[in-house]
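Undergrad: Before I ask anything, here is the structure I am working with.
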Amino acid sequence: MTDISKEAIMPPRSFLSQDAIQVFYRLLAALLICAVLAVLSDSFLSLGNILNVLRQASLTFFIASGLTLVVLTAGLDLSVGANVALSACIAGTVIHKTGSPALGILTGLACGGIVGLLNGIMVTALRIPSFIATYGMLWVLNGLTYWYMAGETLHGFPAGFRQIGSGYLFGLPIPVYLLLVFLGIGTFFAQRTIWGQEIYAIGANPVAARLSGIPVARRLLLVYAVSGLMAGLASIIFLSRLNSAEADIGESLTLPAIAAVLIGGTSLFGGVGTVFGTFIGALILTLVLNGMNLLSVSANWQPLVTGIIVILAVWLDMKTRRRTQ
Amino acid sequence: DGETIAVFTKNQTNPFFQTVRVGADSMAKTLNAKTLQYIPTKPDSIPEQLSQIEDVVVKKPSAIVFTPVDYKAMVPGVEKINEAKIPVVNITDRSAGGKFLSFVGADDYSLGLETARFLLKTLGGKGNIVIIEGVKGSLTNVDRVRGFNDALKEAPGAKLLASQPGNYQRLQALQVMENLMQSNSQIDGVLAANDAMAVGAIEALDGANRKAKVIGINGTKEAIDAIKSGKLLASGDYNGFAQGCLGTMMAIRSLRNQPVISEIVLKPTVITKDNYQPFDVPLEQRTCPTFEDAGKLGAK
Amino acid sequence: MSDALPIEVSSPTPLLELRGISKEFPGVKALDDVSFAVYPGEVHMLLGENGAGKSSLMKVLCGAYGADAGEFFYKGEKVAITSTADAQKLGIAVIFQEFSLVPYLDIAQNIFLGREPKGRIPGTIDRRKILADAKRVLDTIGFDIDPSTTVDKLGVAQQQMVEIAKAISQDARILVMDEPTAALSDRETELLFALIARLKADGVAIVYISHRMAEVFALGDRITVLRDGRRIDGVRPADVTPDQLVRMMVGRNVDMTYPRHFADKPGELLLEVKGLTAPTGISDINIEVRRGEIVGLCGLVGSGRSEVARAIFGADPMTSGEIIFDGKSISGEPDLAARRGIALIPESRKSEGLALLRSVSDNLVVSALRKLFPSGLFDQRRAQRTADGLIRQLRIATPSARQTVGLLSGGNQQKVVIGKWLAAGSKLFIFDEPTRGIDIGAKSEIFALIDRLVADGAAALMISSEQIEICHVCDRAYVMREGRIAGHLTRNELTEENIVRLGMHHA
Amino acid sequence: MREAAVASEPNPLQRIPGVAIVLVLLIALFGAIAPGFLSVANLSNVLVQSTILTMLALPMTLIIMTEGLDLSMGAVLTLTSLCVAIVSLATKSMLLGLGAGLLVGVAFGTVNGWLVAILGIPPFVATLGTLGMAQGLSLIVSDGQSVVGIPHSVRDIYSATLVGIPVPIVMALVTYAAFHGLLYHTRFGTYIFALGGNREALRYAGLSPNRLLIAVYAIGGAMAGIAGLLMTARMNSGHPTAGLGLEFDAIAAVAVGGTSFERGNGWLLGTLLGVLSVGVLRNGLNLISLPSSVQVASVGVLVIVALFLDGLRSRA
Ligand SMILES: Nc1ncnc2c1ncn2[C@@H]1O[C@H](COP(=O)(O)OP(=O)(O)OP(=O)(O)O)[C@@H](O)[C@H]1O
Ligand SMILES: Nc1ncnc2c1ncn2[C@@H]1O[C@H](COP(=O)(O)OP(=O)(O)OP(=O)(O)O)[C@@H](O)[C@H]1O
Ligand SMILES: [Mg+2]
Ligand SMILES: [Mg+2]
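Protein chains in written order, with our numbering: chain A, -8 to 316; chain B, 305 to 604; chain C, 2 to 508; chain D, 14 to 329.
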């Protein structure tokens, strides 16, 4: 029987899935960076610094986790940073005007989600490539925020609200709890729900996904809305952590978020990647900046080092992927 | 009457330039003139401001009040304005070339020097200090940081622990400060090159339950509030409002063949808990200095 | 099994000989010690199941894959073929199973890619010459089309003709054709056969891969059979019967008459298409399909069969008409049709049927997610088990359910596409060329499968360019012509002649 | 057998509308409402201002046709601009400056191509990485300072005219002609279509896609070098942040111009029209003095509208 001969050529089943292996390599890389920094700087391994790194990584992670879903569908959202800025400014105003943090949080999330939804509509209904649609959105949002803020700064929020970003619970910063929660939710959503599976399928081949009966447009809308929503969440964290916001806060957030997704092993061609990988990506980026601060590396060198890390990370990822295939 | 004054500023995001623009508008209104604001869509973009100059030369406003996004790179632009024979007043950053009716600005170096001196005096001339720098390569940053460093040299008891970039950004300053606190168990003073970074650093200190004296620069509303509540030690005032007023005033006066002052360097004010009241009013309610005041404010 | 040449041949030395070729991919021994020789002026048929290694052998032969072991001899002399350039120098040209055309270049540029006539200025192309040369090549194969048409505007059949023109233009001594007729209509197939006869007469050696038994006997001078990467035997067509050949290929007996358990009386109405008109060029289509039936949809290439299938499934919009499925009218996106129980096995499995970079398992469960996991929670082990079941049921040749689907052979990929709808438990299966590129064993398995499905109360609408298949398995058929239904044939009327007569323009 | 080609109209015609309609509408609009817009001096302004972007957008078109992307272009331009400034300052020679800029540009382009072609790193990632490197190097070579005092010969390039036409416009026209010839009339151009459309086809034709790909990215680097010279001439100085972000403008212009991100479907003239649309929009809005925040949003709206129009057409 042919079946038997075919059985014979099957390789032994590897215990770990490809994704698990990639995440493992990434953890290894993060640990390696930690080891190097621990040798170079005495203060690196202190509990305070580790919590510090986690807390700093959390902001990048919130933005990057939503972005991961978008990238999994082979899309991109360049408007996340601008979205954070607009949402933060609107949420901040609402808190100032109404005195109610809850209302502010809701508006911030709603603003982020609506922007995301608009991105989704451009990508699905108007069929504009996501890269371009969200680039256009980025400028529209910037224009809105600049106009709305007119060069002002919002600052001074109720102490309760500020706990979200700067408070502690049982010795851990609250953003770290949020990070763990959203890491869990994101991973669960992507790996353990059929929506997650459908998102992977769409990224791998949108035409085949549609002809397989997946409601592609609706899933894409969902994904962009989630990305926007996570930007909204990041805006709340930002606001409560910095106790203030202004129009240009988004600018420096987008590229690090994209870099975290890529370092985390999510492919821009869609269909490959994990939310957990993105978390490690955010961690690696933060570690590098943290290390450069601790070692007082000159500002001139910082972009150079970050650039090299991005390339190295992705290259190593591809190397290991090929070998394990 | 009815002159149009084109006002060039560096970006739409920094509160400082908003005060400059409000000052300019307010002065123009008083003198029955109109303003047109030119702001690069990408903050501090050199090519964009050059293009805006080229466009404005076509439009031929009566006069121009000009803040270069970069004091050296914008010289060819200024020369174009000169060629088009449009009168131009330089404000804020002193252009490295070109012909101007008048310069109205503050001296970043002495601003940095004076605020840093105030901090060191408060600390009794000793303690561990960190500097959070602005955008590398910008004139304001170079001069302010130079001022900080010179003040530090005058206080041999003080020790500079680190000088790291926050790019004038709140979040970056916060993270830099958090990181620096890890490697330095005792930080007594923070010299931040603008208010947003100073406030970011304060948030970081608060978060770690640590105390240090922090100073910023710009005298923004946010900084005044922080000074009021005792979180911020001081902010060096750049007096953008007056710069906008006076720049516009000089431009209009020259169009009306009235005498102008060729150079006004506003003396730095260190805003502290003791003298913040005059700054604690909304921009719209501030009044522009008169020509007579201008003479006193810092004419050389 | 690298025994010497199996049979006596006219010319003493082969034009090209491969000895002891082995090629391994991770997890798959694609070629295992295969020897193979072609002589001038012969058509050498290469047969084997899906995944037997035919395409791999040809890719080794033309330098696209490097062999792990083995030697090449050209006219008796040992040569090295390590790149496509080496192969081209030896006069080897290939018509690949997958198209190797560039969509936004025109036909002429595609034909002469890498061999453009030089213009006067260095680096430039002599535009007039390239068009004239292309026209000449197209004329030799009887394909009348403007060579400055860009390839993205061509249909599948037209693209296949350009592929053929491209290979012919190289004045090859050895011409490899990997399933060249899979996408061609009868008319173009005839043109191709005439061309092959001419090339043979010129002394060109032709290697021809096909799953169509008729072609094997009509064209072949010699036959080499591969199974599981090994060479099984070499024979002459005159010496074997189709049944014997099939046994060599699959290693067991296969019933090639595609037995159907025809329904005595058709079941209730499942699909009713009324006056369907769509902007894709079909108008006033009326079709009925009942439970337990296999209904054929035939016609010439370009007659609009695929468009009907896509419109029913919701993949293309419609301008007017109504589609009633299981008593309810449906209109909307494919997800609605899929949820109601319609399945589409599309024409192009690679671009429309599969996520090539994902695993076999992922592809098999993608349409059944809602059914397998009604709670919305996905369970990898359950998916894996479902996939393993389907792999066994459909005899998909893959090292494991985790294998990347793009690495399977064409036929096995097709089985995966069918498999995903089995998992979804669909009621109506719309097959658009379900057996294109599928080996004989798999074909009969697939037909047996369809038979079982409809016997269990499902129904099928089947598009096929192979009229024999339609005649064998369908209860009845609609024939299309120029975007309209030209006629309907009952079981008794269903003959190849009738299909052709209704499908032709001058019916 | 006569096969009817499904759509017989020539390819570019199909795509003209999106961007051309937008451009014509913008010109008509500003011509009507913006005083001085249609003056020769102003139109010449628009063209001169568009030259640097043209020089980046043309090679970006080729790169996008290979299903690639070059995010490092703005940062590399910044670096080459600094190199031009530093070298011409040191040697008092414009040509040596240009040479240095070209060298650095080509080096970065080649590295990009190498990362993409040989290491197989996705273009977005590879060039995001080199973006950081070029930015870092710019800060390092200039120590974060402007470079001034460069010889007049450099500056003259921007302000000089040739038979009454500003030299930058002449340079842009020559560049366009060169790219047009390269893409549509040479073998290399043919292979660029194949790089995006079907790389396997190239390999089977005995050509090395990798080397071609590296060449395409190197051309991008070289153009960043030439644009760097123009940038230095324009500012009469070198500055470590001068060109940051220009790559996105270039990508937007390419996209507005109708080049798709898939299968090697590119259109050079569209790119040129795309660049001009962006230029006309910015210029016109400056002339009518709308609030700056509207100007910020306008480019975003332009991009979305142009692509929306294209989408409408392709569906029709
Ligand atoms: N690049 C590759 N990587 C891994 N496995 C491969 C690759 N190419 C082919 N294979 C495997 O090698 C075997 C032989 O494949 P090949 O394409 O030669 O089959 P074939 O005889 O042409 O089949 P078909 O009739 O379906 O086209 C198959 O099991 C296939 O999955
Ligand atoms: N009237 C026509 N003239 C030329 N080409 C056509 C015409 N109609 C369709 N085509 C093209 O021919 C190709 C095949 O046609 P289509 O898929 O419509 O027909 P079909 O009946 O499904 O045939 P098949 O499934 O056998 O290819 C398509 O790419 C289509 O664009
Ligand atoms: Mg094959
Ligand atoms: Mg069809």
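Glycine included, each C-beta is placed from N, C-alpha and C at the ideal position.
(1) By the criterion of Cβ-Cβ separation under 8 Å, what are the contact partners of D/Q148 in chain A?
(2) Mind pulling the chain C residues with CB within less than 7 Å of A/R322?
(3) Can you tell me which of C/K154, C/V406 and C/P27 puts its alpha carbon nearest to the alpha carbon of C/I392?
(4) Are A/C102 and A/G268 touching if we call contact CB-CB under 8 Å?
(5) Within 8 Å (strictly less), CB to CB, does A/F229 reach chain B?
(6) Counting only Cβ pairs nearer than 7 Å, list the residues of chain C close to D/L282.
(7) Does the distance from the C-beta atom of D/G241 to that of D/G157 stay below 8 Å?
(8) For B/N374, return the contacting residues in chain D, with the cut-off set at a CB-CB distance below 7 Å.
(9) For chain B, check one thing: does any of its Cβ atoms lie closer than 8 Å to the Cβ of A/T51?
(10) How big is the Cα-Cα spacing for B/V324 and B/L340?
(11) Examine chain C for any beta-carbon lying closer than 8 Å to the beta-carbon of D/H193, and answer yes or no.
(12) Can you look up A/L45 in the DSSP assignment and give me helix, strand or coil?
(13) Give the DSSP-derived three-state secondary structure of A/P164 in the structure shown.
(14) At which residues does the beta strand (DSSP E) containing C/S23 begin and terminate?
(15) With DSSP as the reference, label B/D454 as helix, strand or coil.
(16) Which residue comes first and which comes last in the alpha helix (DSSP H) that contains D/S166?
(17) Name the chain B residues that come within less than 8 Å of A/I123, Cβ to Cβ?
(18) Between C/N51 and ligand 1, is there a pair consisting of the residue's CB and a ligand heavy atom that are separated by less than 7 Å?
(19) What distance in whole Å lies between the Cβ atoms of A/L58 and A/Y215, which are believed to be in contact at a cut-off of 8 Å?
(20) If you draw a straight line from the alpha carbon of B/I350 to that of A/F122, how long is it in whole angstroms?
(21) Just to confirm, are B/T524 and B/P319 a CB contact at a threshold of 8 Å?
(22) Distance cutoff 8 Å, beta carbons only. Does A/M309 sit that close to anything in chain D?
(23) Would you call D/E22 buried or exposed, if buried means 16 or more other Cβ atoms sit within 10 Å of its Cβ?
(24) Going by DSSP, what residues sit across from B/Y342 in a beta bridge?
(25) In its own chain, which residues sit with a C-beta less than 6 Å from the C-beta of D/A237, not counting the 5 before and 5 after it?
(26) Reducing DSSP to helix, strand and coil, say where B/E437 ends up.
(27) I need the DSSP call for D/S306, collapsed to helix, strand or coil.
(28) For chain G, check one thing: does any of its Cβ atoms lie closer than 8 Å to the Cβ of A/M283?
(29) For the segment 334 to 356 of chain B, list every residue whose C-beta sits within 9 Å of some C-beta in chain D, in sequence order.
(30) Less than 7 Å between the CB of C/V29 and some heavy atom of ligand 1, yes or no?
(31) Quick check on C/H473: does DSSP put it in helix, strand or coil?
(32) So within the segment 169 to 251 of chain A, which uninterrupted alpha helix (DSSP H) runs reach at least 4 residues, ignoring any that extend past its ends?
(33) What do you reckon, is the C-beta of C/S211 under 7 Å from a heavy atom of ligand 1?
(34) Hey, how far is the Cα of D/V124 from the Cα of B/T396?
(35) Taking the beta strand (DSSP E) that C/H489 falls in, what are its first and last residues?
(36) Pick helix, strand or coil for C/P347, following the three-state DSSP scheme.
TA: Inspection of the coordinates gives the following:
(1) P294, L295 and G298
(2) Since the first residue shown for chain A is -8 and the last is 316, residue 322 of chain A is missing from the structure and cannot be characterised.
(3) C/V406
(4) no
(5) yes
(6) In chain order: nothing, as chain C lies at least about 15 Å away.
(7) no
(8) Reading the sequence as shown, one finds Asp at residue 374 of chain B and not Asn. By Cβ distance, chain D contributes S159 and H252.
(9) no
(10) 13 Å
(11) no
(12) helix
(13) strand
(14) L17 to F26
(15) helix
(16) H165 to S172
(17) What A/I123 touches in chain B: nothing, since even the nearest Cβ is about 18 Å away.
(18) yes
(19) So it is not a contact: roughly 10 Å between Cβ atoms.
(20) 26 Å
(21) yes
(22) yes
(23) Any answer about D/E22 is weak, because its pLDDT of 38 lies below 50 and its placement is not dependable; what the coordinates show is given next. The residue is exposed, with fewer than 16 neighbouring Cβ atoms inside 10 Å.
(24) B/F312
(25) M86, V89, L90, T93 and G118
(26) strand
(27) helix
(28) The structure shown contains no chain G; its protein chains are A, B, C and D.
(29) L340, Q341, Y342, I343, P344, T345, K346, D348, S349, I350, P351, E352, L354, S355 and Q356
(30) yes
(31) helix
(32) 185 to 195, 197 to 202 and 207 to 233
(33) no
(34) 41 Å
(35) R485 to L490
(36) coil
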